[in-house]
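Quick notes on the structure that follows.
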Amino acid sequence: MAAKAAREIEKLREEIRRHDELYYVNNSPEISDREYDALLERLQKLEQDHPDLITPDSPTQRVGGRPSEGFPKVVHSRQMLSLDNSYNIDELRAFDDRCRRLAEGRPLDYVAELKIDGLSLSLQYADGLLVRGVTRGDGRTGEDVTQNARTIRSVPLRFRREAKVLDTNVEVRGEVFLPREVFEKTNAEREEAGEPRFANPRNAAAGAIRQLDSRLVARRKLDMFVYELFVGGGRKPFATHWQALEWLQAAGFRVNPHRKVCETIDEVIEFANEKEKLRDDLGYEIDGLVVKVNSTALQDEFGATQKAPRWAIAYKYQARQATTKVLDIGVQVGRTGALTPVAHLEPVLLAGTTVARATLHNEDEIKRLDVKIGDWVMLEKGGDVIPKVLSVIASKRTGKEKPFVPPTECPVCGGLISRSEGEVVARCVAADCQAQLIGRLLHFASRRAMAIEGLGESLAQQLVSEQLVKDVGDLYSLTLDQVAGLERMAKKSATNLLDQIEASKNRELTNLIYGLGIRHVGERTAGILAHEAGSLERLAAMSVEELDAIPEIGLTVAESVRDWFDDKGNRALCDRLRAAGIKTEDTRTSSDSLDERFAGKQFVLTGTLGGFTRDEARALIEARGGRVNSSVSKKTDYVVAGEAAGSKLDKAESLGVTVLDEQAFRDMLE
Ligand code: IVH
């Protein structure tokens, strides 16, 4: 019995580790979050029943752990240095000159990497197992945050033993950061919960890693790129830094892919310029490059000053900050009625674009910043398109600044404003608010909803102010004369618009549900609802209990959907949409007879397919209503086997599961 459990535990751990790596290191998950959670839960259950089998490298040991009493201090075996900065090309060239002088004519090349804006962390492995995670602290002494480091999914709890490994006791250093998307989500959640927003991802990450309760850390979803490797005695085991990075990657660590060996400083500069363009598209914040001498022998020879190594330098990108004056603070009304204060600014150049407005999020944020009309402020462009106000420059105050007075009624329609307890957002609750209607129209017309391309902001405004449109349903009764009669509207564009409105009638149910703008129903949730309900009528009739019972739909969404359909006006709108000829059935799976072969069927993909990536194959299956799982079982309907298929194929054959080769799979798709 125990032996059987031990075997299953080991298998589960291996599988979970593989999925961790696929997800966190390679960014190419093979199973859904739900399937992953099921594996983890199964493992937790087994370990609970057999506590003697719990090992520190088990994936279950990442989360959990009770709050500890502060963090013990740890002295670093080798000081964690900082870096000298350079801010322009001349300073970078001066660094190159210094290095070449120190190298006394010996050949010299560099590795250029991104400088990740996070906080450094040291990871210690004994016998291949993660035994300790320590913050940088003051460089000599840091804090033992091992439990928290374990929650970082891209940190292997046990590194892969490579043939070339020189030692199984190693120290790996790198940068912990919060992905931009997680940062934004965290802030949105904090805002909903009435808590203050984090100023930037680094603060949020720093707060998280020093959080005492590691369960809370786990929720913060930190990530880590590593860039240094030491073995016993603080020695660097490879001849070059590049080799160390390659080893780290092979051992299962996450190493940033944007890196390059550069023979000359000109190559470094070219790399820097090339990567700066990527800055807004990376999923994380960077603040420049780090340039390092590649040879570790030369690194050791060059040594370090008190603070920083002589063999490396940071090349900082221009700060994406600027100062300007707040001319006014206005209030915008969104489609849900949410009131957002917006600073109107004296236009200023920031990261290549002229900025004249910045969001102030909500009244609490205005209080926190203590920003007034007439203030000089520091702006920052983070990952968002809209820049934000970082702080007020108090020294520039004249005393003539005027405080922002929050509106007592909706600035657009004069309707009532409500701010529920615990919410930071104030909302206009008027049903007929024009600003909300414009917001709803734009959302309904957006690309992921009904895709009515010609319907932009100014047109939406005109349609509403001319009272041609009172809700999204009215779009479908617009006539050519009405549209062509609007200001700045040529006949041709009017015809185009009507054509697009006509074409939108055939959008999928999922797009329609998303377009209705039901609170808490995003694109993905809309897809699930469309699939489960099958039609708008059925969805409108579902009870909270029925909705809540749908996998991945929680009570908040269930109640929000029910509330929306309980509204008489909304129900009438649905009737009119249907009468206008809009598709309200989910046709993604049911009507297409070929899809019968996919709907509800369980697929497993294995090996390499010539014509598709795994993600593509998965999308094709899921679009037809099938499901893709990671492991083969009796319940599997089809195994799609590409080149070099391994154990999954053997298992399929032993269980008698139908195996499709690539051609058979293509035939089935067609
Ligand atoms: S190497 C002795 N490489 O920047 C050299 N540091 O401003 C140690 N950082 O303390 C650092 N990305 O926390 C290195 N690719 C990278 C980095 C990086 C970010 C951080 C690190 C360091 C700080 C210095």
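In the working numbering, the protein residues as written are 8 to 677.
Ideal Cβ positions, reconstructed from N, Cα and C, are used throughout, including at glycine.
Item, Value
"Closer than 7 Å: Leu88 CB and nearest ligand 1 heavy atom", "yes"
"Residues near Ser598 by beta carbon distance below 8 Å, same chain, minus five either side", "Any reading at Ser598 is ruled out, since the residue's pLDDT is 40, under 50, leaving its predicted position unreliable."
"The region 280-295 contacting the region 83-90, beta-carbon criterion three pairs below 8 Å", "no"
"Boundaries of the beta strand (DSSP E) in which Gln339 is found, first to last residue", "Gln328 to Val340"
"Inter-residue spacing [alpha-carbon to alpha-carbon] between Arg261 and Lys267", "16 Å"
"Close Cβ partners of Val338 (< 6 Å) along its chain, the five nearest in sequence each way excluded", "Leu346, Pro348, Pro414 and Pro418"
"Residues that DSSP places opposite Ser127 in a beta bridge", "Glu182"
"Span of the alpha helix (DSSP H), counted from its first residue to its last, around His538", "Glu530 to Ala540"
"Met231, enclosing beta strand (DSSP E) - first and last residue", "Asp230 to Val238"
"Per-residue DSSP class, three states only, for Trp383", "strand"
"Ser465 burial status per 10 Å Cβ neighbour count (16 or more: buried)", "exposed"
"Cβ pair count under 8 Å reaching 3, the region 492-505 against the region 421-430", "no"
"Cβ-Cβ distance between Leu679 and Ile16 below 8 Å", "With the chain represented from 8 up to 677, any question about residue 679 goes unanswered, as that position is not in the structure."
"Coil, strand or helix - Lys323 by DSSP", "strand"
"Same chain, Cβ closer than 8 Å to Ile520, five either side skipped, listed in chain order", "Val528, Ala533, Leu536, Ala537, Leu543 and Leu546"
"Under the three-state DSSP convention, the category Ile276 falls into", "helix"
"Close beta carbons around Phe572, own chain, < 7 Å, minus the five adjacent residues each side", "Ala547 and Arg578"
"Near ligand 2: Leu121 beta-carbon under 7 Å from a heavy atom", "Questions concerning ligand 2 fall outside what the structure shown contains, since the ligands it does hold are ligand 1."
"Cβ-Cβ distance between Arg20 and Gly241 below 8 Å", "no"
"With 16 other Cβ atoms within 10 Å as the buried cut-off, status of Lys409", "exposed"
"Residues of its chain near Thr557, where Cβ-Cβ distance is below 7 Å and the 5 sequence neighbours each way are ignored", "Note that residue 557 corresponds to Ile in the displayed sequence, not to Thr. Once the five neighbours on either side are set aside, the close Cβ partners of Ile557 are Ile535 and Glu539."
"beta-carbon Ala319 near ligand 1 non-hydrogen atom, thresh 7 Å", "yes"
"Residue from Arg139, Arg197, Lys575 and Thr158 with nearest C-alpha to Glu178", "Arg139"
"Close beta carbons around Asp64, own chain, < 6 Å, minus the five adjacent residues each side", "Leu136, Leu164 and Arg165"
"Any 3 or more C-beta pairs closer than 8 Å across the region 465-482 and the region 444-456", "yes"
"Phe184 and Ile272 closer than 8 Å at C-beta", "no"
"Distance cut-off 7 Å: Arg297 Cβ against heavy atoms of ligand 1", "Contrary to the premise, residue 297 reads as Val rather than Arg in this sequence. Checking the Cβ of Val297 against ligand 1 gives yes."
"Inter-residue spacing [alpha-carbon to alpha-carbon] between Ile459 and Gln507", "5 Å"
"Backbone CA spacing between Ala606 and Glu677 [nearest angstrom]", "15 Å"
"Euclidean distance between Cα positions of Phe245 and Val300", "13 Å"
"Three CB pairs or more closer than 8 Å across the region 147-154 and the region 214-231", "yes"
"Local conformation of Arg514 per DSSP, three classes", "coil"
"Classification of Asn95 by the beta-carbon crowding that lies within 10 angstroms, buried from 16 upward", "exposed"
"Classification of Leu462 by the beta-carbon crowding that lies within 10 angstroms, buried from 16 upward", "buried"
"One or two residues paired with Ser302 in a DSSP bridge", "Thr247"
"Distance cut-off 7 Å: Tyr234 Cβ against heavy atoms of ligand 1", "yes"
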